[in-house]
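Trainee: Handing you this structure, nothing more for now.
Residue numbers (our numbering): 13 to 194.
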């Protein structure tokens with residue numbers, strides 16, 4: 013059985029548990045997988061959705077994969093940034109604000125309720141732009157159900173590291189890993 017299949021099994025074990033009321037940081041689930049398994053995970057995302065629906069939960073997914081390219085191509089100075097990429101540092105904070113606003117609008121448009129799993133994929137896109145925790149901390153309070161973050165990296169001792177590149181951070185999220193059992 014592949015690591016992704018074990019991850020799906022562990023997700024299935026968690027999704028069937030009753031949901032109690034919890035503070036926003038405690039409604040976050042990190043589905044942690046090895047970065048090299050990104051394509052395999054993406055191919056199996058429909059199985060996560062199906063598992064949610066089989067347990068009476070709605071599924072709403074937002075993929076970050078093309079967010080930066082879409083944002084930059086619409087920027088009035090895009091051509092200049094392509095010619096001089098070092099200038100991007102000055103506008104990266106506006107990308108983060110744009111992304112938070114886009115996700116917030118998406119959640120609002122789709123009326124994600126308390127029985128909804130809001131899945132966030134493509135998190136590796138953030139690497140090098142800003143820390144994933146900044147985005148997660150901004151959107152977690154907007155999620156009434158559960159925020160399922162597909163996290164390419166590592167989890168050890170309550171410490172998460174995106175793509176194994178940054179110093180990790182301690183977060184209250186419930187980890188779902190490819191280890192046998194939760």
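Where is the CB? At the ideal position from N, CA and C, for every residue including glycine. None of these values were measured; they are calculated from a predicted model.
Name the DSSP beta bridge partners of residue 72, please?
Mentor: Here residue 72 refers to the residue found at position 60 of the chain shown. According to DSSP, which records beta bridges pairwise, residue 72 is partnered with 130.
Trainee: I need the boundaries of the beta strand (DSSP E) containing residue 41, first residue and last residue.
Mentor: The residue you call residue 41 lines up with position 29 of the chain shown. Run containing residue 41: 40-45, per the beta strand (DSSP E) assignment.
Trainee: Consult DSSP for residue 169 and reduce its assignment to one of helix, strand or coil.
Mentor: Numbered from 1 along the chain shown, position 157 holds the residue referred to as residue 169. The answer is coil: DSSP assigns residue 169 none of H, G, I, E or B.
Trainee: Express the C-alpha separation of residue 14 and residue 130 in angstroms, rounding to a whole number.
Mentor: Here the question's residue 130 lines up with position 118 in the chain shown. Here the question's residue 14 lines up with position 2 in the chain shown. Distance between the alpha carbons of residue 130 and residue 14 is about 24 Å.
Trainee: Could you work out which residue in 18, 66, 51 and 135 is closest to residue 162 when comparing CA atoms only?
Mentor: One-based indexing of the chain shown puts residue 162 at position 150. When each option's Cα is compared against that of residue 162, the closest is 135.
Trainee: In the DSSP assignment, find the unbroken alpha helix (DSSP H) run with residue 58 in it and report its ends.
Mentor: Within the chain shown, the letter at position 46 stands for residue 58. Element bounds for residue 58: 57-66.
Trainee: Less than 8 Å between the beta carbons of residue 1 and residue 176, yes or no?
Mentor: Residue 1 cannot be examined here, being either before or after the span of the chain that is shown, 13 to 194.
Trainee: Is DSSP giving residue 160 helix, strand or coil here?
Mentor: Taking the chain shown and counting its residues from 1, the one referred to as residue 160 is at position 148. Of the three classes helix, strand and coil, the one that applies to residue 160 here is strand, per DSSP.
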